[in-house]
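Add 225 to the 1-based position in the sequence shown for our numbering, that's all there is to it. A short write-up of the structure that comes next.
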Amino acid sequence: MLGRFIKGASEQQAVTKVEPLAVSPVAQPLSTAADLESHGDDFLTLKVEIHRHLIDRFNLTALESASKDEILNEIRPIVREFVRTRNVPLNARELDQLTSDTADEMLGLGPIEPLLKDDSITDILINTHKRVFIERRGIVEETPIRFRDEAHLLRVINKIVSAIGRRVDESSPMVDARLEDGSRVNIAVRPISVDGPLVSIRKFSKNPYSLERLMAFNSIRPPMIELLRIAVQARKSILVSGGTGSGKTTLLNALSSYIPSKERLITIEDAAELQLQQPHVGRLETRPPNVEGRGEVRQRELLKNALRMRPDRIIVGEVRGEEAFDMLQAMNTGHEGSMTTIHANTPRDAISRLEQMVGMAGMPMTHDSIRAQIASAIDIIVQTQRLSDGGRRVTSISELTGMEGNVVQLQEIYHFVRREVTADGKVIGDFRATGVRPRFAPEAATLGHHFANDAFNPQVAL
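See the structure below:
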């Protein structure tokens, strides 16, 4: 059995020596597998060092066809000796758990497997085989994880793309994919990635955030939540605007939780991420062209098809192009309360971008008529932002109030005011009401939704 997986002497000599990582000793044995995981970075570092030690000894190509039991039999004595020589006090159950985790990593996506299992990590960013970064709690940091060489990283990449029937090579050097758990993956390889493969993984949240949970992170305040809850239940169409990584999809998912369970919802996304909790949900996902350039299904086609599926509301993960026209049409023709997101830095920029996207649809419409469509279709724009300290904030909630001349009118209801940045880089600020009461408040009242008397008082702290 050893001859099948262990490298020959010439192969092992060719491997670049990997220096051991510093693993902090554990004060006392941990009693459960959960305790191992809760020990955090020390245990992760130990697993990383074991994995690097093993990949220098094993034939990775042969491992791809091995079962977990075969790998366990091979690595168990190696892991036991590794832990013993480093004086890490683990009991038998903990050692078995560590060995099992290591086998899973060798069968899975190699050295990044423990990062995928860490729920505190939101993004994994691989810059060639030499450097791996993560985002945790809004802060990007480098990890000690490395791939053995570029070929090792390419093997992991091929494992990702082959699972969805795709390929990535010189003729097709970019690909979007999704892992089994729903995490989004973007891959770029040579020749467009000059220094070697680049992989970006946006992890799929197992427990979708609610607006109340976002409040615990100081991303939003209770009166703002109440405004958005009433807007959703009063069937106001909402556009969530923000930059990359600002929390647009997270917020969209949280907003959807206020939609009544009796409604039929259709979601349209490039990569299915939304986790709606209602019982009557249809999920549609775009499809890229195959290697022959055929079979592509775009968001615009899905939107047109969704209109034939009797939806009460349509939720589009993000509008990027000509499908914006069809989204506005849906909002204006009986699908009020629909929602989507857009990449833009301010609410006014979001309107300008929407106007440009509608123009891409090739319809014979003047700029004034496009703006009129936007003003009648969108009711609320929620602006999100990722701040310099990594925190996400809802920085503005604005209401569209119609047209004045040829300009779409906006009135801001709530905003975030930055006061200072501390010595350690933390952004300090306050959420404030502007004193403007939403124009849909009387309509909401007829439906039984009432705002607090001081909800929009700029003198009252949120």
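Each residue gets a CB set at the ideal place from its N, CA and C atoms; glycine is no exception.
Proximity winner among the options, relative to residue i (alpha-carbon distances)
| i | options | result |
| --- | --- | --- |
| residue 403 | 631, 372 and 497 | 497 |
| residue 538 | 526, 568, 517 and 505 | 505 |
| residue 364 | 638, 613 and 685 | 613 |
| residue 296 | 315, 324 and 629 | 324 |
| residue 583 | 574, 573, 572 and 595 | 595 |
| residue 282 | 291, 299 and 292 | 299 |
| residue 590 | 534, 550 and 666 | 550 |
| residue 536 | 507, 339 and 524 | 507 |
| residue 532 | 339, 518 and 555 | 555 |
| residue 388 | 405, 377, 374 and 379 | 405 |
| residue 294 | 452, 331, 276 and 280 | 331 |
| residue 503 | 481, 348, 519 and 509 | 481 |
| residue 407 | 434, 399 and 426 | 426 |
| residue 418 | 431, 398 and 410 | 398 |
| residue 322 | 683, 304 and 311 | 304 |
| residue 344 | 431, 670, 540 and 489 | 431 |
| residue 311 | 434, 375, 270 and 648 | 270 |
| residue 328 | 309, 301 and 670 | 301 |
| residue 379 | 568, 414, 409 and 410 | 414 |
| residue 682 | 646, 640 and 665 | 640 |
| residue 543 | 470, 521 and 446 | 470 |
Check whether residue i and residue j have beta carbons under 8 Å apart
| i | j | result |
| --- | --- | --- |
| residue 359 | residue 368 | yes |
| residue 564 | residue 463 | yes |
| residue 599 | residue 456 | no |
| residue 372 | residue 335 | yes |
| residue 514 | residue 401 | no |
| residue 473 | residue 566 | yes |
| residue 552 | residue 527 | no |
| residue 603 | residue 622 | no |
| residue 491 | residue 423 | no |
| residue 337 | residue 357 | yes |
| residue 687 | residue 662 | no |
| residue 412 | residue 381 | no |
| residue 716 | residue 547 | With the chain running from 226 to 687 in the structure shown, residue 716 is simply not present. |
| residue 346 | residue 428 | yes |
| residue 466 | residue 575 | yes |
| residue 644 | residue 654 | yes |
| residue 601 | residue 631 | no |
| residue 511 | residue 523 | yes |
Residue burial classification, residue i (beta-carbon count within 10 angstroms, cutoff 16)
| i | result |
| --- | --- |
| residue 677 | exposed |
| residue 436 | buried |
| residue 642 | exposed |
| residue 618 | buried |
| residue 560 | buried |
| residue 685 | exposed |
| residue 636 | exposed |
| residue 317 | exposed |
| residue 478 | buried |
| residue 326 | buried |
| residue 610 | buried |
| residue 395 | exposed |
| residue 250 | With a pLDDT of 37 at residue 250, under the threshold of 50, the predicted position of this residue should be treated as unreliable, though the coordinate-derived value follows. With fewer than 16 Cβ atoms within 10 Å of its Cβ, residue 250 is classed as exposed. |
| residue 487 | exposed |
| residue 672 | exposed |
| residue 265 | Because the pLDDT at residue 265 is just 48, under 50, the model does not fix this residue reliably, and the point stays unresolved. |
| residue 226 | The predicted position of residue 226 is uncertain, since its pLDDT is 45 and thus under 50; no value can be drawn from it. |
| residue 608 | buried |
| residue 667 | exposed |
| residue 306 | exposed |
| residue 254 | Caution is warranted here: a pLDDT of 37 is assigned to residue 254, below 50, making its placement in the model unreliable, and the coordinate value is therefore given only provisionally. Answer is exposed; the Cβ neighbour count stays below 16. |
Residues that DSSP places opposite residue i in a beta bridge
| i | result |
| --- | --- |
| residue 568 | 467 |
| residue 639 | 622 and 658 |
| residue 611 | 617 |
| residue 360 | 348 and 365 |
| residue 629 | 632 |
| residue 688 | The first residue shown for the chain is 226 and the last is 687, placing residue 688 beyond what the model contains. |
| residue 605 | 463 and 624 |
| residue 645 | 653 |
Neighbour flag for residue i against chain D, beta carbons, 8 Å
| i | result |
| --- | --- |
| residue 502 | Absent from the structure is chain D; it holds one protein chain and no more. |
| task | Enumerate, from N- to C-terminal direction, the unbroken alpha helix (DSSP H) stretches of 4 or more residues contained entirely within the region 310-357. | result | 317-332 and 338-342
| task | Note down, one range per segment and in chain order, each alpha helix (DSSP H) of at least 4 residues found wholly within the region 393-437. | result | none
| message | Please give me, in chain order, every unbroken run of the alpha helix (DSSP H) with length at least 4 that falls completely inside the region 513-537. | response | 524-531
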